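FYI, in my numbering the residues of the sequence shown are 71 to 273. Beta carbons are placed, not taken as given, at the ideal position from N, Cα and C, and that holds for glycine. Given the structure is predicted, the values throughout are model-derived calculations rather than measurements.
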Amino acid sequence: MLTLPVTIRIPTASELPHRDDIQELLAKRKAANITEGYIIHPNKTPQLHFEFSAEININNNKLWELFLTLAGDMPGEISCTYGLYDDEAITTDPFPFEDIIRKLTVFHKELTMDCSLEFGLLHHTKEVLTEIFVSESKYIKYWGGNKTRFLQHMNNFNLTEVPNIAFIDEYPKIIRPLRDFIPSARKPEEVIWGLNRAFQVEN
71 MLTLPVTIRI
81 PTASELPHRD
91 DIQELLAKRK
101 AANITEGYII
111 HPNKTPQLHF
121 EFSAEININN
131 NKLWELFLTL
141 AGDMPGEISC
151 TYGLYDDEAI
161 TTDPFPFEDI
171 IRKLTVFHKE
181 LTMDCSLEFG
191 LLHHTKEVLT
201 EIFVSESKYI
211 KYWGGNKTRF
221 LQHMNNFNLT
231 EVPNIAFIDE
241 YPKIIRPLRD
251 FIPSARKPEE
261 VIWGLNRAFQ
271 VEN
């Protein structure tokens with residue numbers, strides 16, 4: 071079973087809005103293969119400059135480490151994208167890799183556990199697109215071109231391809247603020263303000 075962040079909980083039937091198929095939905099959720107692993111999708115749109123995309127489930131305590139590992143393969147200067155879930159994302163100007171990671175690391179606890187926040191890294195030229203994105207449900211979405219390198223990383227984290235893998239946002243869930251569990255955590259709006267300031271983004 072995948073280890074979720076403390077902020078995500080599976081709801082009971084009484085906690086969900088009434089619907090005729092609620093028991094069926096909860097049964098599907100119970101049977102869903104929400105586990106560590108990944109699935110790869112080949113790119114079938116030649117106009118988009120990536121070889122494949124992937125979705126990756128990893129236990130939450132290893133999410134930041136895997137994010138940094140995948141990010142380490144990104145070439146040259148990269149942009150950061152971040153925002154509150156359901157809000158329009160902010161995309162920064164390109165910065166050197168080390169600068170981006172240093173700025174994000176200040177907020178890595180909130181970014182990897184607070185389900186109000188999404189973030190990622192982007193490198194896009196006429197020849198290649200590489201993107202790493204951590205969704206509000208705290209799994210990784212990846213677009214890239216070096217499949218051999220990607221598979222090496224998956225193997226190093228003991229992650230295998232799971233064709234019938236499922237993801238937590240496919241089913242109802244209960245979300246709680248991170249500060250309910252870690253009182254010292256920053257509020258989501260404070261994280262966005264801090265990132266805007268770090269990346270010199272004008273509000």
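Query raised in the report: Just the Cα atoms here: how many angstroms apart are Leu-221 and Ile-78?
Result: 28 Å
Query - Contact set for Thr-200: own chain, Cβ-Cβ below 6 Å, skip 5 residues either direction - result: Met-144, His-193, Gly-214
Query raised in the report: What is the residue span of the alpha helix (DSSP H) that Lys-257 lies within?
Result: Where Lys-257 is concerned, there is no enclosing alpha helix (DSSP H), given that its DSSP letter is neither H nor E.
**Report entry** Distance between Ala-255 and Thr-182 (C-alpha atoms, nearest Å)
**Finding:** 12 Å
Query raised in the report: Near Thr-81, what residues of its chain come up, given a Cβ to Cβ distance below 7 Å and the 5 sequence neighbours on each side ignored?
Result: The residue asked about is misnamed: residue 81 is Pro in this sequence, not Thr. The residues are Pro-242, Lys-243, Ile-244.
**Report entry** Own chain residues within Cβ distance below 7 Å of Leu-72, not counting five before or after
**Finding:** Ile-104, Thr-105, Glu-106, Asn-127, Asn-129
Query raised in the report: When you compare only the Cα positions, how much space is there between Phe-227 and Glu-125?
Result: 15 Å
Report task. Using 10 angstroms around the beta-carbon of Pro-112, count the other beta-carbons present and answer buried if the total reaches 16, otherwise exposed. Result -> exposed
Query raised in the report: How many Å lie between Pro-258 and Ser-149 at the Cα?
Result: 20 Å
Query raised in the report: Can you tell me where the alpha helix (DSSP H) with Glu-168 in it begins and where it stops?
Result: 167-175
Report task. Could you pull out every residue in the same chain whose Cβ sits closer than 8 Å to the Cβ of Tyr-155, ignoring the five residues on either side in sequence? Result -> Cys-185, Ser-186, Leu-187, Glu-188, Glu-206
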